[in-house]
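Residue numbers (the numbering used here): 17 to 244.
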């Protein structure tokens, strides 16, 4: 479902200036200057309205969270949420996941969250899936050795397909759950996740660890790179 255009989008985004990183490429290799040299750096791709981002940042105030969202009408709500809660360890980037290597240097990121991305069910659009090897290679490029991707979805077909893609891009699967909340809610939920869980839909989750010896090959984001 396409999100409605927000009224006064530009001034609302301007008011969120303290948490909005407008030129993320200028931060490449320097993100920890926002918090401290030893803080873990976590990146969420597709933060939506920001429930997961803000709740996670509140629970882990020692970590730096960077949320990437390509839909400004969603991101402004996430930024307002962070501002209202006076969170000082979360920042937002209006960008496409295909350009991730432009914003983070190799090995800079400790963890990537990938929550309820578009499944793109048509085989002809498989390259748009955020768990396609082209994207996973980008994640591997910016993650440190041993860094992890945490992936959640309500789409069984996407999940099963994705389990086969992670090993192709230098990741080892550590945790696999096909009904994450079967015995009670586990971890921080997204807005979508809470809705699906309330409807009785199983939530699928896996954690994939980047191999230390993997050397990703990245195609230019401006060329034939897929888009989310």
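Don't be surprised by glycine CBs; every beta carbon is placed ideally from N, CA and C.
None of these values were measured; they are calculated from a predicted model.
| query | result |
| --- | --- |
| Residue interval of the beta strand (DSSP E) (run including residue 58) | 57–61 |
| Cβ-Cβ separation, residue 132 to residue 89 (assumed contact under 8 Å), whole Å | The Cβ separation is near 17 Å, so there is no contact. |
| Buried or exposed by the 16-neighbour rule on C-beta atoms within 10 Å, applied to residue 138 | exposed |
| Nearest-angstrom Cα separation, counted from residue 36 out to residue 59 | 14 Å |
| Buried or exposed (CB count within 10 angstroms, at least 16 for buried), residue 148 | buried |
| Coarse secondary structure for residue 131, derived from DSSP in three states | strand |
| Nearest candidate by alpha-carbon position, reference residue 69, set 97, 49, 43 | 97 |
| Inter-residue Cα distance where the pair is residue 231 and residue 136 | 27 Å |
| The segment 113–129 touching the segment 149–158, judged by at least three CB pairs closer than 8 Å | yes |
| With 16 other Cβ atoms within 10 Å as the buried cut-off, status of residue 239 | With a pLDDT of only 35 at residue 239, under 50, the local geometry of the prediction cannot be trusted, and the value read off the model is given with reservation. With fewer than 16 other Cβ atoms within 10 Å, it is exposed. |
| Under the three-state DSSP convention, the category residue 215 falls into | coil |
| Whether residue 188 touches residue 219 by CB criterion (9 Å) | no |
| Cα-Cα separation between residue 46 and residue 167, rounded to whole angstroms | 26 Å |
| Cut-off 7 Å between Cβ atoms - residues of its own chain near residue 182, not counting five sequence neighbours on either side | 152, 189, 224 |
| Three-state secondary structure (DSSP) of residue 163 | strand |
| Spatial distance of residue 93 from residue 176 (CA atoms) | 32 Å |
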